[in-house]
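Peer 1:
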Amino acid sequence: MNVFLLNGAEPRGYSKGFYNGEMTRVAEAFFTELGDDVEKTIIADGYDVQEEVAKLKKADVIIFQFPIYWFHMPGMMKTYIDDVFMTGRGEIWINDGRDQGGPYGSGGLMQEKRYMLSTTWNAPLEAFNDKSQVFAGADVDGALFPFHRMMAFMGAKPLASFACHNIVKAGDVEKDKELFVKHLEQVFVFHMGKVSK
9 MNVFLLNGAE
19 PRGYSKGFYN
29 GEMTRVAEAF
39 FTELGDDVEK
49 TIIADGYDVQ
59 EEVAKLKKAD
69 VIIFQFPIYW
79 FHMPGMMKTY
89 IDDVFMTGRG
99 EIWINDGRDQ
109 GGPYGSGGLM
119 QEKRYMLSTT
129 WNAPLEAFND
139 KSQVFAGADV
149 DGALFPFHRM
159 MAFMGAKPLA
169 SFACHNIVKA
179 GDVEKDKELF
189 VKHLEQVFVF
199 HMGKVSK
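In this text, residue positions in the sequence shown follow our numbering: the first is 9, and each later residue adds one.
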C-alpha cells in the first residue's frame, strides 16, 4: 500500500508543531512496520508542487495531519492545497464534473484513494456534540465539514478521523500517541484487513 503523510503544522506563537510532528512520526513508524511504501511531506519545510502532485497520484491512502488554527487548517496548509490541487488539474481532478454531464463536484480523479484526518485541537472533547457550546452540537467531522467536502470533490473516500483534544491546557502526547496507534490498528488492520501493497 502506498501511504502519503502530509504534516500541515505551521509554527506560530506558542504552537511550535511538536504535537503534529509526533503524530506524523507515529504514523510513519506504523506503516513502515507493516511494510507499506511511505512518503511524507512537512509543509513548513517547503515542497515542490509537481512532486506533491506525484505523491498524491501515487498514494492509496493520504493522512492529513494538522492543527486547528482559529477553526481552520493553518494558512500554509491552505496555500499548499491551493497550489498543489490546482497544479494537479488533469491528474488528480479534471473539472467540477458538469462538463461531463455530471453534477457539480463529480470531476475528481481520486476515487480509488482513501484519506484520514488526524487533527490537534486546543478545544476539549466536551466542546463537541453539545448544542450549548461553540461548535453548536457538531462533532469533529462536522467541524471539518468543508475539508471533507473538498475531498469528496476530488473523489476520495474518508476513513475514520482521529483527534487530539485540549492539547494546550492539558495535552498528554504519550497517551495520544498510544491512542493514535490503536486507531490506526483499528482502521488499517482490523477493519480494512490490511490493504495489500
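Even for Gly, the Cβ is constructed at its ideal location relative to N, Cα and C.
Between the stretch 126-135 and the stretch 66-81, do at least 3 Cβ pairs fall closer than 8 Å?
Peer 2: These segments touch.
Peer 1: Checking 7 Å against the spacing of the C-beta atoms, do His173 and Leu117 come in under that value?
Peer 2: Taking the sequence shown and counting its residues from 1, the one referred to as residue 173 is at position 165. Taking the sequence shown and counting its residues from 1, the one referred to as residue 117 is at position 109. Not closer than 7 Å, so no.
Peer 1: I'd like to confirm the pairing. Which residues does DSSP put opposite Met116 in its beta bridges?
Peer 2: Here residue 116 is taken as the residue at index 108 of the sequence shown, counted from 1. Note that residue 116 corresponds to Gly in the displayed sequence, not to Met. BP columns for Gly116 point to Trp101.
Peer 1: Could you give the first and the last residue of the continuous beta strand (DSSP E) run that contains Arg122?
Peer 2: In the sequence shown, the residue the question calls residue 122 occupies position 114. It spans Arg122 to Thr128 - the beta strand (DSSP E) in which Arg122 sits, taken as one unbroken run.
Peer 1: Return helix, strand or coil for Lys48, following the three-state DSSP convention.
Peer 2: Walking along the sequence shown from the start, residue 48 turns up at place 40. In the structure shown, Lys48 sits in a strand (DSSP, three-state: E or B).
Peer 1: Sort Thr32, Asn15 and Gly145 by Cα distance to Met84 and report the nearest one.
Peer 2: Locating residue 84 in the sequence shown gives position 76, counting from the first residue. Checked all of Thr32, Asn15 and Gly145; the closest Cα to Met84 is Asn15.
Peer 1: Report the residue ranges of all alpha helix (DSSP H) runs contained in full by the stretch 143-177; include only those spanning at least 4 residues, in chain order.
Peer 2: Correct list: 148-151 and 153-162.
Peer 1: Note down, in chain order, each residue of its chain lying with its Cβ closer than 6 Å to the Cβ of Gln141, except the 5 sequence neighbours on either side.
Peer 2: In the sequence shown, residue 141 corresponds to position 133, counting from 1. Ala135.
Peer 1: Do Phe12 and Glu36 have their C-beta atoms closer together than 7 Å?
Peer 2: Position 4 of the sequence shown, counting from 1, holds the residue named residue 12. Position 28 of the sequence shown, counting from 1, holds the residue named residue 36. Contact: no.
Peer 1: In whole angstroms, what separates the C-alpha of Ser114 from that of Gly105?
Peer 2: Translated into positions along the sequence shown, residue 114 becomes position 106. Translated into positions along the sequence shown, residue 105 becomes position 97. Each residue's Cα considered, the two are about 4 Å apart.
Peer 1: Determine, using beta carbons only, whether Ile71 and Met124 come nearer to each other than 7 Å.
Peer 2: Indexing the sequence shown from 1 puts residue 71 at position 63. Indexing the sequence shown from 1 puts residue 124 at position 116. Yes, these two residues count as a Cβ contact at 7 Å.
Peer 1: Kindly indicate which residue of Gly96, Val148, Asp53 and Thr49 has the alpha-carbon position closest to the one of Lys65.
Peer 2: Here residue 65 refers to the residue found at position 57 when the sequence shown is read from its first residue. Checked all of Gly96, Val148, Asp53 and Thr49; the closest Cα to Lys65 is Gly96.
Peer 1: To the nearest angstrom, report how far apart Lys139 and Ala146 are at their CA atoms.
Peer 2: Taking the first residue of the sequence shown as position 1, residue 139 is located at position 131. Taking the first residue of the sequence shown as position 1, residue 146 is located at position 138. Rounded to whole angstroms, Lys139 to Ala146 spans 8 Å at the Cα level.
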